[in-house]
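These notes are about the structure you will find just below.
There are 2 protein chains.
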Amino acid sequence: MLALEQIIFNDDGLIPVISQDFKTNEVLMLAWMNKESLSLTIKNKQAVYYSRSRKKLWYKGEESGHSQILKEIYMDCDNDVILLKVEQIGGIACHTGRRSCFFQKLDGHKWKNTSEIIKNPEDIYG
Amino acid sequence: MLALEQIIFNDDGLIPVISQDFKTNEVLMLAWMNKESLSLTIKNKQAVYYSRSRKKLWYKGEESGHSQILKEIYMDCDNDVILLKVEQIGGIACHTGRRSCFFQKLDGHKWKNTSEIIKNPEDIYG
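Taken in order, these protein sequences are the chains called V and B.
Whatever position you read off the first sequence (first residue = 1), add 30 for my numbering.
Whatever position you read off the second sequence (first residue = 1), add 30 for my numbering.
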């Protein structure tokens, strides 16, 4: 696909991907993709990341059911960052059971949790 | 600072940082910080990145005047991504003279520019 040829992947063949709620613009998470996962994301219209820890494709929601339906996809000015606008199924993007992964807010000299756990991770992952 | 000790920087001593408009939640850019730049960002209440190409601190707006005033700072669940909520001075975050760096939208098999150039880069950088 021609559009993929323009993308600059890093030395590990990866690109950082921000996902954002398509309605509220809330940033949900940052993960990584390789060329194959990005291609699958576009084809399937669902987010497929590359897990750096497991070193394999990560079909978002494959275990949790919390998949991300692709609405729009953007590339930055340097062609080396991707932004997805998604519909977050279940309203939970984070493995901690929260809506967004960015729930730790700097408050003085400490990080404070600012959002509720919607669903217990044990209930999500069994 | 205790809060900085909890952050996981990558093998190059860097962490990806998303900046987002504090009012509209528009994602403006993704850049990188090292420990020193993050510490300065918190201290100065203005975004200071680390330029990987120039290999030095990048005081956002030092040339363009388009600095980013820090409103809130978040860390993700893995402690390895930072999200800044900022007031974008001049309304231009991108070096191309656009509001956001994410102006290339995938439309079929092509990337299309979706936002206007607010100010000519030659007028910004002289």
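Quick reminder that beta carbons are idealized off the backbone N, C-alpha and C, glycines included.
Only a predicted model underlies this, so the values are computations on that prediction, with no experimental measurement involved.
Within chain B, partners of residue i - CB distance below 8 Å
{"i": "P46/V", "result": "P46 and L60"}
{"i": "T126/V", "result": "C107"}
Interface residues of chain B facing residue i [CB-CB closer than 7 Å]
{"i": "V57/V", "result": "I48, Q50, V57 and L113"}
Beta-carbon neighbours of residue i, restricted to chain V and to distances below 7 Å
{"i": "Q134/B", "result": "Y104 and M105"}
{"i": "Q36/B", "result": "W141"}
Closest residue to residue i among the options (Cα-Cα distance)
{"i": "F148/V", "options": "C131/V, K73/V and S81/V", "result": "This sequence places Ile at residue 148/V; Phe is not what is there. Closest by alpha carbon: C131/V."}
{"i": "G138/V", "options": "K75/B, V116/B and Q50/B", "result": "K75/B"}
{"i": "D108/V", "options": "Q134/B, S69/B and F39/B", "result": "Q134/B"}
{"i": "V116/V", "options": "S83/V, D42/V, T71/V and G127/V", "result": "T71/V"}
{"i": "E93/B", "options": "L34/B, H125/B and I112/B", "result": "H125/B"}
{"i": "T144/V", "options": "D106/B, D153/B and I154/B", "result": "D106/B"}
{"i": "H96/B", "options": "I154/B, A33/B and Q36/B", "result": "I154/B"}
{"i": "D42/B", "options": "L113/B, K85/B, L58/B and K142/B", "result": "K85/B"}
{"i": "I21/V", "options": "G127/V, S69/V and K140/V", "result": "Nothing can be reported for residue 21/V: it is not among the residues displayed for chain V, which extend from 31 to 156."}
{"i": "Q98/V", "options": "V47/V, E56/V and A123/V", "result": "A123/V"}
Contacts of residue i in chain V (Cβ-Cβ under 8 Å)
{"i": "K140/B", "result": "L32 and A33"}
Coarse secondary structure for residue i, derived from DSSP in three states
{"i": "N74/V", "result": "helix"}
{"i": "A123/V", "result": "coil"}
{"i": "I103/V", "result": "strand"}
{"i": "S97/B", "result": "coil"}
{"i": "L117/V", "result": "A quick correction: the sequence has Glu, not Leu, at residue 117/V. Strand at E117/V."}
{"i": "I154/V", "result": "helix"}
{"i": "L34/B", "result": "helix"}
{"i": "K90/V", "result": "coil"}
{"i": "S69/V", "result": "helix"}
{"i": "D110/B", "result": "coil"}
{"i": "L58/B", "result": "strand"}
Under 9 Å by beta carbon: chain B residues contacting residue i
{"i": "T54/V", "result": "N55"}
Evaluate the contact criterion for the stretch 66 to 75 of chain V versus the stretch 64 to 83 of chain B: three or more CB pairs, one atom per stretch, below 8 Å.
No, the stretch 66 to 75 of chain V does not touch the stretch 64 to 83 of chain B.
Contact between the stretch 78 to 86 of chain V and the stretch 50 to 66 of chain V (3+ Cβ pairs under 8 Å):
Segments in contact, yes.
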